[in-house]
Every structure is written in structure tokens, then in C-alpha cells.
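The numbers in the numbering used here rise by one with no breaks, and the one at position 348 of the sequence shown is 356. Positions of the beta carbon are idealized from the N, C-alpha and C atoms, including for glycine. This structure is a prediction, so every number in the text was calculated from the model and none was measured.
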Amino acid sequence: MKTLKYGLYLMFVTMLLFTATTAFAADETLTISGDGINKTITYSRSDLEALKTIMAQHTYSLANNFPTEKTEYAAGIPLLYLLQQAEIKEAAQLIAFTASDGYKRIFTIEELLYTPRYYFPSTGEKQPVPVMVCLRNSADNFKSLEPMEFKLILGQRSIGEQTNPWLVKNLSLIEVSCEKPEKWAQVTFNRVSGPQGVTLQLLHENIDSVKIYYTTDGSNPTVESKMYNISASYYQPQLNQPLVIDKTTVVKAVAIGAGREDSQLASLTVSFGEAMFSDLADYEWAKPAIETLADKGIIAGMGNNRFEPSASLSRAMFVTMLGRAINDTGNAYVNGKKDSFSDIDFNSWYGPYIQWAVDKNIVSGYPDGLFMPHKALTLEEMIVMAVRAGKTSSASLAENGISALSISGISTWALPYISFALNNNMLANEHLLQKNTNGYQIEGKKAASRAEAAFVLNQLLLLIKPQHSAFGVGE
């Protein structure tokens with residue numbers, strides 16, 4: 009009796025599975041639409057299965073963000089064929105794949121259709137494979153292929169390329185667009201000098217959406233070059249180790265990811281032997297910031313291998329440094345509004361940056377309508393400008409404990425900003441401020457030095473771009 013009941017149970021489960029599979033196959037559709045095609049098409053599973061002469065079988069090597077590698081055997085319809093049936097336009101530039109649950113991945117037409125992709129077997133001989141809409145797959149071999157939900161599958165451009173996160177399961181919609189792709193932001197560098205040499209982090213604002221490829225031999229990096237962020241930050245960040253540079257080296261890096269054009273090339277020269285500046289012996293506290301910003305072209309020396317760290321700088325100089333540091337050239341303001349201050353020549357080297365700073369509420373000038381660009385910048389003016397450049401709101405100022413601090417030597421209007429800077433490590437103790445029994449003392453009205461400006465500016469970049477200390481310079 010038990011045997012009979014168990015047999016009936018198995019038959020019932022089998023019927024349920026068969027019914028579910030049949031319903032799944034009957035309901036599944038794939039639509040191709042968008043302004044990048046001339047004809048919208050919807051395919052059912054039976055429509056795709058009927059394309060027997062088009063059906064292809066290929067082996068795909070895949071890697072994920074852990075990172076681990078695997079092999080998948082797949083049968084399906086090449087994507088290019090389906091797009092041709094929808095009459096893809098020459099102007100098409102982007103293609104989006106959406107799953108039935110709303111998950112979406114976007115690619116450029118260039119990277120998906122016109123860039124060769126391969127299967128990399130253990131023997132090392134690469135084999136070209138197409139981008140496909142997969143209908144059956146197996147982890148073992150082609151003999152064990154089983155029906156599966158529609159899935160986008162694609163090959164690798166280089167060994168170990170982490171394409172697995174780009175695959176879209178339960179694929180239901182392909183949208184082709186003529187919209188121009190954006191470009192990934194540039195790779196940035198965080199340089200720290202130490203007894204073993206220079207430790208160099210390669211950073212990106214979308215670190216888990218791109219892979220950073222780099223070279224140290226002067227060549228331009230590609231997907232064939234060394235990968236920096238081997239693992240996603242939420243899996244095994246310990247695998248993403250900074251570079252240790254112990255000899256004069258040119259490091260070049262590029263960010264490559266799906267859906268956008270490759271970033272502009274970033275380049276950094278790490279020099280040893282002759283010091284970048286010969287007059288920083290008494291400024292070890294500011295030296296890393298000075299050299300980092302100089303590497304990026306944000307600040308410059310004064311000739312003859314000298315930085316002149318104790319020299320003062322003008323208000324116009326610091327505003328220009330701010331504009332360069334946060335990656336805004338000010339070019340957009342050259343032909344814009346030019347009546348902010350009566351004493352500004354907007355055709356000068358600093359004019360566009362001052363207009364930029366006005367529009368971003370970084371500077372407001374003096375009550376008489378003057379900016380006084382050549383006036384020496386005071387310490388408190390510098391700190392206020394830097395905090396404002398970080399787009400710090402009054403709410404965030406209030407959240408940083410300004411009432412709990414006692415700071416003397418500064419103007420009342422500067423107190424919230426200087427308190428914020430102090431609480432966020434933008435000021436160097438014993439150099440920009442001194443601690444005493446009553447709190448802190450800052451000579452707010454004294455002229456700011458070039459060393460102080462470099463330190464504050466570098467700390468600002470660390471604050472507004474977590475893990476970033478300065479921005480890469482493209483070639």
C-alpha cells in the first residue's frame with residue numbers, strides 16, 4: 009500500500025512539473041523594440057525553437073565578481089540574426105536587455121556586436137562565439153542541454169573578463185536605441201609615500217560597474233592588460249590591492265564597463281631620485297598633498313624645482329585650484345554671465361573659474377560688489393570656500409557638532425565652516441590650527457600659505473570623493 013501511495017505521489021509531482029514547464033514555455037515571449045529598429049517583433053518560445061537552421065551551439069567561458077570561473081554549454085539564436093529581422097538601423101548605438109522582473113542591462117552596440125568575443129578553454133586557444141539568446145544550457149556538455157528561460161549570453165573579450173554579471177536571465181525585452189552612449193568617468197589615483205616606496209590606489213566613482221585596467225610600462229591599457237579591481241567591493245575587496253611603486257614609473261589606467269564608452273585615459277608619473285620639489289624639507293605634513301596635486305596638474309611649482317610652500321596665494325589662484333581639483337575646467341562659463349563682479353576680467357585665466365564659483369555658491373565677494381581677485385587669500389576665506397565647494401549644506405554643517413567646539417581667532421560667519429572642516433579632518437593640527445585648553449586657535453585672518461592650501465584641497469577631495477585624493481589627468 010505504501011508503495012502504491014508513493015508511486016501515485018511521484019506521478020502527481022511529475023504531472024505538476026510537466027504542467028509548469030508547458031505553461032512556462034507557452035507564456036514566454038521576447039519582444040524587440042525601440043527607435044533603433046524599423047520593425048517591432050515579438051517571439052514566442054515556439055517561434056524561436058522553429059528557427060532550427062539558425063539555432064547555434066557554443067561553449068562559453070564565464071567569470072563572476074567573486075571571482076570564480078565556469079563553463080557553460082548553450083544553444084540559442086544569435087542576437088545579430090534577431091536584430092536583423094527587426095531591421096536594426098545603422099544609427100543604433102545602445103541596446104538594453106530587460107528581464108521579466110524588471111532587471112536591466114545596457115550595452116553599446118559597438119561592444120556587443122562589433123567587438124570580437126571568445127570562449128577561452130583551458131588549452132588557451134580562444135574560439136570566437138556570438139552573442140546569443142540562449143534557450144537551452146548545461147554546465148556539463150551539449151548532450152545534457154536542458155530547456156531554460158530566455159537568457160542573454162556572451163563571450164569574453166579577454167581571459168578572466170567578468171562577463172557573468174552581464175548575463176540577463178528571464179529575458180523578455182530587447183530595446184534598441186539611437187541615443188549616444190555616455191563615457192565612463194576617468195580613473196583616479198590615491199598616492200601615499202612610505203618607506204617601501206609609493207602606494208598607489210586606482211579608484212573610480214562607479215567601482216563596481218567598471219573594471220580598471222592598467223599598465224606600468226608606458227603602453228596604453230586595454231582589456232588585455234592587468235585588472236586592478238579583481239573583485240567587486242561587496243565580495244572580496246581584499247583582493248584589490250594597491251600598487252607598490254619603488255622606481256620611476258608611468259602608470260596608465262582606463263575604466264571599461266558595459267553600456268558606456270571607455271573612460272578617458274588617466275596617467276600618473278611616480279618619480280624617484282630627484283625630489284619633485286626641493287624646498288619641502290620643513291613641510292612633511294603637507295608634502296604628500298602637494299606632490300599628489302602637482303602630479304594631477306591642479307597646482308604647480310614656482311620654477312627651479314621650488315614650490316615655495318610658505319608663500320601666500322591670491323583669491324583668484326585658490327578659486328582656480330578648486331575648479332581644477334573637482335574636475336570642472338570652467339570652460340562652460342567663458343561665454344556665460346559675466347557681470348558678477350566689476351573688477352573681474354572674464355577673459356583672464358581665472359575669470360571662468362570665478363564665474364563658476366559664483367554659480368556654485370562658493371564665493372560671494374565683498375559688500376561693495378568687488379571680488380578682489382589679487383588680494384591675498386586669508387585662512388578663513390580659504391576654508392569657507394573649500395567647504396562650500398564640497399556642496400556642504402547648512403544641514404550637514406549643523407550635524408557636525410559646531411556648537412560643541414570652541415574656536416577663537418576667526419570671524420563669526422566663518423565658524424560653522426571651520427568647525428565642519430575641523431570635524432572632517434580638513435585641517436592639519438599644529439599647522440593650520442593649534443589646540444589649547446579652551447579649544448582651538450586659528451589665525452583666520454592671516455594670509456593662507458601655498459602649503460596650507462594644498463593640504464586643505466587634498467583633504468577636501470578625500471571628503472567629497474570617498475577614497476579619492478585627486479583626479480586623473482587624461483592624455
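Taking the beta strand (DSSP E) that K223 falls in, what are its first and last residues?
Residue 223 sits at position 215 when you count from the first residue of the sequence shown. Inspection of the sequence shows that residue 223 is occupied by Thr rather than by Lys. Judged by DSSP secondary structure, T223 falls within the beta strand (DSSP E) whose first and last residues are 219-223.
Give me the Cα-Cα distance between V184 and T106, rounded to the nearest whole angstrom.
If you number the sequence shown from 1, residue 184 lands on position 176. If you number the sequence shown from 1, residue 106 lands on position 98. The straight-line gap from Cα to Cα measures roughly 11 Å.
Using 8 Å for Cβ pairs, my map puts V252 next to T207. What's the rounded Cβ distance?
Position 244 of the sequence shown holds residue 252. Position 199 of the sequence shown holds residue 207. 6 Å between Cβ atoms; contact.
For the segment 86-104 and the segment 120-127, state whether three or more C-beta atom pairs, one from each stretch, are separated by less than 8 Å.
With a cut-off of 8 Å, the segment 120-127 and the segment 86-104 count as touching, because enough Cβ pairs lie within range.
Between V139 and V259, what straight-line distance do the alpha-carbon atoms span, to the nearest angstrom?
Along the sequence shown, read from residue 1 onward, the residue named residue 139 stands at position 131. Along the sequence shown, read from residue 1 onward, the residue named residue 259 stands at position 251. When rounded, the separation of the alpha-carbon atoms in V139 and V259 is 33 Å.
Identity of the residue in F354, K453, M434, Q363 nearest K383 by Cα:
Sequence index remark: in the sequence shown, residue 383 carries index 375 (1-based). Measuring C-alpha to C-alpha distances from K383 to each of F354, K453, M434, Q363 identifies K453 as the nearest.
Pairing CB atoms from the segment 357-370 with CB atoms from the segment 415-435, are three or more of them under 8 Å?
These segments do not touch.
With 16 other Cβ atoms within 10 Å as the buried cut-off, status of K219
Within the sequence shown, numbered from 1, the residue matching residue 219 stands at position 211. Answer is buried; the Cβ neighbour count reaches 16.
Using only the alpha-carbon positions, how far apart do R458 and G377 sit?
Position 450 of the sequence shown, counting from 1, holds the residue named residue 458. Position 369 of the sequence shown, counting from 1, holds the residue named residue 377. Across the structure, R458 and G377 are spaced so that their CA atoms are roughly 27 Å apart.
Pick from Y242, G84, Y51, N145: whose alpha carbon is nearest that of N72?
Locating residue 72 in the sequence shown gives position 64, counting from the first residue. Out of Y242, G84, Y51, N145, Y242 has the C-alpha closest to the C-alpha of N72.
Extent of the continuous alpha helix (DSSP H) run through R144:
Here the question's residue 144 lines up with position 136 in the sequence shown. Where R144 is concerned, there is no enclosing alpha helix (DSSP H), although the beta strand (DSSP E) it sits in stretches over 140-146.
Any idea if S130 is buried or exposed, counting beta-carbon neighbours within 10 angstroms, 16 or more meaning buried?
Position 122 of the sequence shown, counted from the first residue, corresponds to residue 130. S130 is classed as exposed because its beta carbon has fewer than 16 other beta carbons within 10 Å across all chains shown.
Only counting runs of 3 or more residues, tell me where the beta strand (DSSP E) segments fall wholly within the segment 265-291, in order along the chain.
List check, beta strand (DSSP E) in window: 274-278.
Whole angstroms is fine: what's the gap from D55's alpha carbon to A64's?
For the purposes of this step, residue 55 is identified with residue 47 of the sequence shown, where counting begins at 1. For the purposes of this step, residue 64 is identified with residue 56 of the sequence shown, where counting begins at 1. When rounded, the distance between both Cα atoms is 15 Å.
Residue nearest to T223 in terms of C-alpha spacing, selected from N313, S217, L210, T300
Reading the sequence shown from its first residue, position 215 is the one you call residue 223. The option with the nearest alpha carbon to T223 is L210.
Looking only at DSSP bridge pairs, what is A71 linked to?
As a working note, residue 71 is residue 63 in the sequence shown. Looking at the DSSP assignment, A71 forms a beta bridge with E77.
Return the bridge partner residues of E208 from the DSSP annotation.
Stepping through the sequence shown from its first residue, residue 208 is reached at position 200. Before going further, note that residue 208 is Leu rather than Glu in the sequence given. Beta-bridge pairing by DSSP links L208 to R199, L251.
Helix, strand or coil for G398? Go by DSSP, reduced to three states.
Taking the first residue of the sequence shown as position 1, residue 398 is located at position 390. DSSP places G398 in coil when its eight states are reduced to three.
Backbone secondary structure at P86 - three-state DSSP
By 1-based counting over the sequence shown, the position of residue 86 is 78. Three-state result, P86: strand.
First and last residue of the uninterrupted alpha helix (DSSP H) at Q449:
One-based indexing of the sequence shown puts residue 449 at position 441. Premise fails: Q449 lies in the beta strand (DSSP E), 447-449, not in any alpha helix (DSSP H).
Going straight from the alpha carbon of A319 to that of A462, what length do you get?
The residue labelled residue 319 in the question sits at position 311 within the sequence shown. The residue labelled residue 462 in the question sits at position 454 within the sequence shown. About 12 Å.
Which stretch, first to last residue, makes up the alpha helix (DSSP H) that contains M63?
As a working mapping, residue 63 is identified with position 55 in the sequence shown. Premise fails: M63 is in no alpha helix (DSSP H) and is neither H nor E.
Looking only at C-alpha atoms, which of D35, Y51, A193, L469 sits nearest to L273?
Position 265 of the sequence shown, counted from the first residue, corresponds to residue 273. Ranking the options by Cα distance to L273, first place goes to A193.
Just curious, the beta strand (DSSP E) that E157 is in, first and last residue?
Looking up residue 157 in the sequence shown gives position 149. It spans 154-161 - the beta strand (DSSP E) in which E157 sits, taken as one unbroken run.
Local conformation of Q164 per DSSP, three classes
Your numbering for residue 164 matches position 156 in the sequence shown. Residue state for Q164 is assigned as strand, using DSSP reduced to three classes.
C-alpha distance - T39 paired with N228, whole-angstrom precision:
Position 31 of the sequence shown, counting from 1, holds the residue named residue 39. Position 220 of the sequence shown, counting from 1, holds the residue named residue 228. Approximately 40 Å between the Cα atoms of the pair.
Quick check: the Cα distance between L59 and K112, rounded to an integer number of angstroms?
The residue you call residue 59 lines up with position 51 of the sequence shown. The residue you call residue 112 lines up with position 104 of the sequence shown. Approximately 26 Å between the Cα atoms of the pair.
Beta carbon of L211: closer than 8 Å to some heavy atom of the ligand FMN?
Inclusion of the ligand FMN in the displayed structure is not the case, the ligand content being empty and no account of it being possible.
Sheet register partners of P136 (DSSP bridge):
Start at 1 with the first residue of the sequence shown, and residue 136 comes out as number 128. P136 is bridged by DSSP to Y126.
As a quick exercise: from L465, F349, P189, pick the residue whose alpha carbon is nearest that of G265.
Within the sequence shown, numbered from 1, the residue matching residue 265 stands at position 257. Nearest C-alpha to G265: P189.
Considering only DSSP beta bridges, list what V259 is partnered with.
Taking the sequence shown and counting its residues from 1, the one referred to as residue 259 is at position 251. Looking at the DSSP output, V259 shares a beta bridge with L276.
Quick one: Cα of A455 to Cα of G226, how far?
Sequence index remark: in the sequence shown, residue 455 carries index 447 (1-based). Sequence index remark: in the sequence shown, residue 226 carries index 218 (1-based). Between A455 and G226, the C-alpha separation is close to 41 Å.
One or two residues paired with A294 in a DSSP bridge:
The residue you call residue 294 lines up with position 286 of the sequence shown. A294 pairs with nothing; no bridge assigned.
Is it the case that the Cβ atoms of M284 and I307 are separated by a distance below 9 Å?
Here residue 284 corresponds to residue number 276 of the sequence shown, with the count starting at 1. Here residue 307 corresponds to residue number 299 of the sequence shown, with the count starting at 1. No, the pair does not count as a contact, with Cβ atoms beyond the cut-off.
DSSP three-state assignment for G344, whether helix, strand or coil
As a position in the sequence shown, residue 344 is number 336, starting the count at 1. For G344, the predicted model reports a pLDDT of 47, less than 50, meaning its position is unreliable and no value from the coordinates is stated.
Beta-carbon contacts of G409 that lie in its chain and below 8 Å, excluding the five residues immediately before and after
Taking the first residue of the sequence shown as 1, we reach residue 409 at position 401. Because G409 sits at a pLDDT of 45, beneath the cut-off of 50, its placement in the model cannot be relied upon, and the following sentence gives the value as read from the coordinates. The beta carbon of G409 is closer than 8 Å to those of S427, N431 in its chain, skipping five residues each way along the sequence.
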